[in-house]
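Its first residue numbered 6, the sequence shown is counted upward by one per residue in this note's numbering.
Beta carbons are placed, not taken as given, at the ideal position from N, Cα and C, and that holds for glycine.
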Amino acid sequence: MIKKIILGMVIVVVIAAAAGGYAIYSFFPEDDYMARFAIENPDKSAFLLIRNDTVIGQQNLHQEMPLASTVKFIIAVEFAEQVGKGWILPEENIAKKELLNFYVPNTDGGAHNNWSDSDDILQYGDSIPLISIAKGMMQYSSNANSEWLMERLGLENINNQLAKLDFKDHTPIYPFVSSLFITEEYFKDKTEDELVDAIKNISEEQYINYALDIHQKMLQDPEYRNQQLDLNETMQGIWSDRLPAGSVSDYVSLMKKLNSKTYYDEKTQTVLNEIIETSMRYNSTKEFYQHIGIKGGSTLFIMTKALYAEDHKGNKTEMAYFFNGLEAQERKKMTMSINDFDRTVLRNPMMVQKIKKLFSTYE
């Protein structure tokens, strides 16, 4: 009996140690983790890395994946083009309170408040330049700014960018802040299981129409955003799965256009530089890059990013990686590793060769 108890204790200790080891492992960044995860989890991943016009690694090029905030690149391009055409003036003053109609507390990781309370914005008082709203969308990832810009620029114009950019694998862009309220607005009396089934059976068109209707309600009623939301894991999963989706192939094609500095006219390109390449204001960035633009996105289940850069030796890099269906530990590990991965890919030629070898091994 004593032997059985001791054996049981040993097994428990071993299991606990293994679990603890995995938890500790999750907190240590690894500079190749994003590429390795993509290779080892093709059902959750899409990946494309191009260096000096050479494909280094690719996977699921045309798989549509929920984008989260990476989709804001498309809004940024439409904003810059409208400035270039003279349709909007970047210096136009906008009342900050207008943006609050689309700010839903506790849903953006503090992004909007971090932007609104930054020194760059506080200097303007109650009214801010229009271009600052676009910069807040890209640099701070304010969802409120994004949805406000959908209204100002026109959602049809934003979606027309998908055809202008010759995107092949993209679902329509719609007000994704408003879509947070779909379950509460239209399925209030259903149980959680009934709700999951109902949402799964809604067509894309109907789901978007619901979001558009709610967008108008938020636009007209400043208090709409303050209603109670059930944002448990299941509800967040429903919302996350229906976000606008795209492919790494399409987004890397956009990164190449932005990296070329010749695809857009001079006025449009100047605006793109200002709202996308916000990190170029720092000497620590200028030390390594002639230019660099990055936008990422995440939910409880998603991690995405698209970027372009040119270093001082003239090396050009375009990359996009999209992950979906992540477990908590996987997402935690990615959060710890993602910046190291990007930095090493952009600055260390040995990492580029390592990734090339990794992907060639699994082809």
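| task | With a 10 Å radius around its C-beta and 16 neighbouring C-beta atoms as the bar for buried, classify Gly-115 as buried or exposed. | result | Counted from its first residue, the sequence shown places residue 115 at position 110. With fewer than 16 Cβ atoms within 10 Å of its Cβ, Gly-115 is classed as exposed.
| field | Supposed contact pair Ile-219 and Phe-192 - C-beta distance, whole angstroms, cut 8 angstroms | value | Taking the first residue of the sequence shown as 1, we reach residue 192 at position 187. Taking the first residue of the sequence shown as 1, we reach residue 219 at position 214. Incorrect: roughly 13 angstroms between the Cβ atoms, too far for contact.
| field | Spatial neighbours of Leu-248 in its chain, beta-carbon cut-off 7 angstroms, leaving aside the 5 residues before and after | value | Taking the first residue of the sequence shown as 1, we reach residue 248 at position 243. Contacts found: Pro-71, Leu-72, Ala-73, Phe-181.
| 8 angstroms Cβ cutoff met for Asn-320 and Asn-57 | What you label residue 320 is simply residue 315 of the sequence shown in a count that begins at 1. What you label residue 57 is simply residue 52 of the sequence shown in a count that begins at 1. In this structure, Asn-57 lies closer than 8 angstroms to Asn-320 by Cβ.
| said: Quick check on the DSSP output: the alpha helix (DSSP H) that includes Asp-218 runs from which residue to which? | reply: Counting from 1 along the sequence shown, the entry for residue 218 is found at position 213. Residues 209-225.
| Contacting residues, own chain, Cβ-Cβ under 8 angstroms from Gly-242 (five flanking each side not counted) | Position 237 of the sequence shown, counting from 1, holds the residue named residue 242. So the qualifying residues of the chain are Leu-305, Phe-306.
| field | Among Ala-40, Tyr-287, Pro-34, Glu-35, nearest to Lys-362 - alpha-carbon criterion | value | Position 357 of the sequence shown, counted from the first residue, corresponds to residue 362. Residue Ala-40 is the option with its Cα nearest to Lys-362.
| said: By the DSSP assignment, the beta strand (DSSP E) with Pro-134 in it spans what residues? | reply: Position 129 of the sequence shown, counted from the first residue, corresponds to residue 134. From DSSP, the beta strand (DSSP E) with Pro-134 extends over 132-134.
| message | If the criterion is Cβ atoms closer than 8 angstroms, does the pair Gly-330 and Lys-49 meet it? | response | The residue given as residue 330 occupies position 325 in the sequence shown. The residue given as residue 49 occupies position 44 in the sequence shown. Taking 8 angstroms as the Cβ cut-off, Gly-330 and Lys-49 qualify as a contacting pair.
| message | If distances are taken between C-alpha atoms only, which option among Gln-232, Asp-37, Lys-318, Asn-119 comes closest to Asn-106? | response | Within the sequence shown, the letter at position 101 stands for residue 106. Checking every option, the nearest Cα to that of Asn-106 belongs to Gln-232.
| field | Boundaries of the beta strand (DSSP E) in which Gly-62 is found, first to last residue | value | Within the sequence shown, residue 62 is the residue found at index 57, counting from 1. Segment 59-64, the beta strand (DSSP E) holding Gly-62.
| Assumed close pair Phe-327, Val-253 - CB separation to whole angstroms, cut-off 8 angstroms | Residue numbering aside, residue 327 sits at position 322 when the sequence shown is read from its first letter. Residue numbering aside, residue 253 sits at position 248 when the sequence shown is read from its first letter. Rounded, the Cβ-Cβ distance is 6 angstroms, consistent with contact.
| said: Measuring alpha carbon to alpha carbon, tell me which residue in Tyr-229, Leu-259, Leu-234 is nearest Ile-80. | reply: Taking the sequence shown and counting its residues from 1, the one referred to as residue 80 is at position 75. For Ile-80, the nearest C-alpha among the options comes from Leu-259.
| If you run the structure through DSSP and keep just helix, strand and coil, what is Phe-327? | Taking the sequence shown and counting its residues from 1, the one referred to as residue 327 is at position 322. Phe-327: strand per DSSP, three-state reduction.
| query | From Lys-140 to Glu-197, what distance separates their C-alpha atoms? | reply | Looking up residue 140 in the sequence shown gives position 135. Looking up residue 197 in the sequence shown gives position 192. Those two C-alpha atoms are separated by around 38 angstroms.
| field | Ile-299 versus Glu-292, Asn-288, His-317, Glu-279, residue with shortest Cα-Cα distance | value | Here residue 299 refers to the residue found at position 294 when the sequence shown is read from its first residue. For the residues Glu-292, Asn-288, His-317, Glu-279, the minimum Cα distance to Ile-299 belongs to Glu-279.
| For Met-70: DSSP bridge partner residues | As a working note, residue 70 is residue 65 in the sequence shown. The bridge partners DSSP lists for Met-70 are Gly-251.
| task | Name the one or two DSSP bridge partners that Ile-117 has. | result | Here residue 117 is taken as the residue at index 112 of the sequence shown, counted from 1. It should be pointed out that residue 117 corresponds to His in this sequence rather than to Ile. Partner(s): none; His-117 has no beta bridge.
| Beta-carbon separation of Tyr-294 and Asp-316 under 8 angstroms? | Along the sequence shown, one-based indexing puts residue 294 at 289. Along the sequence shown, one-based indexing puts residue 316 at 311. For Tyr-294 and Asp-316, yes; Cβs fall inside 8 angstroms.
| Distance between Thr-275 and Asp-124 (C-alpha atoms, nearest Å) | Taking the first residue of the sequence shown as position 1, residue 124 is located at position 119. Taking the first residue of the sequence shown as position 1, residue 275 is located at position 270. In a straight line, the C-alpha of Asp-124 is about 23 angstroms away from that of Thr-275.
| request: Could you check the C-alpha separation between Leu-200 and Lys-272 for me, to the nearest Å? | output: For the purposes of this step, residue 200 is taken as residue 195 along the sequence shown, with counting starting at 1. For the purposes of this step, residue 272 is taken as residue 267 along the sequence shown, with counting starting at 1. Cα to Cα, Leu-200 sits roughly 48 angstroms from Lys-272.
| query | Three-state secondary structure (DSSP) at Thr-273? | reply | If you number the sequence shown from 1, residue 273 lands on position 268. If DSSP states are grouped into helix, strand and coil, Thr-273 belongs with the helices.
| Beta bridge counterpart(s) of Tyr-294 as assigned by DSSP | Walking along the sequence shown from the start, residue 294 turns up at place 289. According to DSSP, Tyr-294 bridges with Asp-316.
| message | If you reduce the DSSP assignment to three classes, tell me which class Phe-181 lands in. | response | For this step, residue 181 is matched to residue 176 along the sequence shown. Three-state DSSP puts Phe-181 in coil, outside helix and strand.
| field | Cβ-Cβ separation, Met-339 to Asp-37 (assumed contact under 8 angstroms), whole Å | value | In the sequence shown, residue 37 corresponds to position 32, counting from 1. In the sequence shown, residue 339 corresponds to position 334, counting from 1. Rounded to whole angstroms, the Cβ separation of Asp-37 and Met-339 is 12 angstroms, and the two are not in contact under 8 angstroms.
| message | Using CA atoms only, rank isn't needed, just tell me which of Phe-33, Val-60, Glu-35 is closest to Phe-364. | response | Taking the first residue of the sequence shown as 1, we reach residue 364 at position 359. When each option's Cα is compared against that of Phe-364, the closest is Val-60.
| Through-space distance from Trp-120 to Tyr-145, alpha-carbon basis | Here residue 145 refers to the residue found at position 140 of the sequence shown. Here residue 120 refers to the residue found at position 115 of the sequence shown. The alpha-carbon atoms of Tyr-145 and Trp-120 are separated by roughly 6 angstroms.
| request: Can you tell me which of Met-240, Glu-323, Met-324 puts its alpha carbon nearest to the alpha carbon of Lys-205? | output: For the purposes of this step, residue 205 is identified with residue 200 of the sequence shown, where counting begins at 1. Comparing Cα positions, the closest option is Met-240.
| task | Below 6 angstroms CB to CB, which residues in the same chain sit around Leu-94 once its five sequence neighbours on both sides are set aside? | result | Within the sequence shown, residue 94 is the residue found at index 89, counting from 1. Once the five neighbours on either side are set aside, Leu-94 has no close Cβ partner at all.
| From Phe-52 to Leu-351, what distance separates their C-alpha atoms? | Position 47 of the sequence shown holds residue 52. Position 346 of the sequence shown holds residue 351. Straight-line Cα distance between these residues: approximately 16 angstroms.
| query | How many Å lie between Gln-373 and Tyr-212 at the Cα? | reply | Residue 373 lies beyond the residue range present for the chain, which begins at 6 and ends at 368; the question has no answer from this structure.
| query | Gly-242 by DSSP, collapsed to three states: which one? | reply | Translated into positions along the sequence shown, residue 242 becomes position 237. Helix at Gly-242.
| said: Just list the residues that DSSP pairs Asn-98 with in beta bridges. | reply: Position 93 of the sequence shown, counting from 1, holds the residue named residue 98. BP columns for Asn-98 point to Pro-134.
| Would you say Thr-112 and Gly-301 are within 8 angstroms of each other, going by their C-beta atoms? | The residue given as residue 112 occupies position 107 in the sequence shown. The residue given as residue 301 occupies position 296 in the sequence shown. Against a cut-off of 8 angstroms, the Cβ pair of Gly-301 and Thr-112 comes out as no contact.
| Exposed or buried, Phe-33, counting other C-beta atoms within 10 Å across all chains shown (16 or more means buried)? | Here residue 33 corresponds to residue number 28 of the sequence shown, with the count starting at 1. Phe-33 is exposed by the Cβ-count criterion.
| When the Cα atoms are used, what is the spatial distance from Asn-162 to Met-324? | The residue you call residue 162 lines up with position 157 of the sequence shown. The residue you call residue 324 lines up with position 319 of the sequence shown. Roughly 26 angstroms separates the two Cα atoms.
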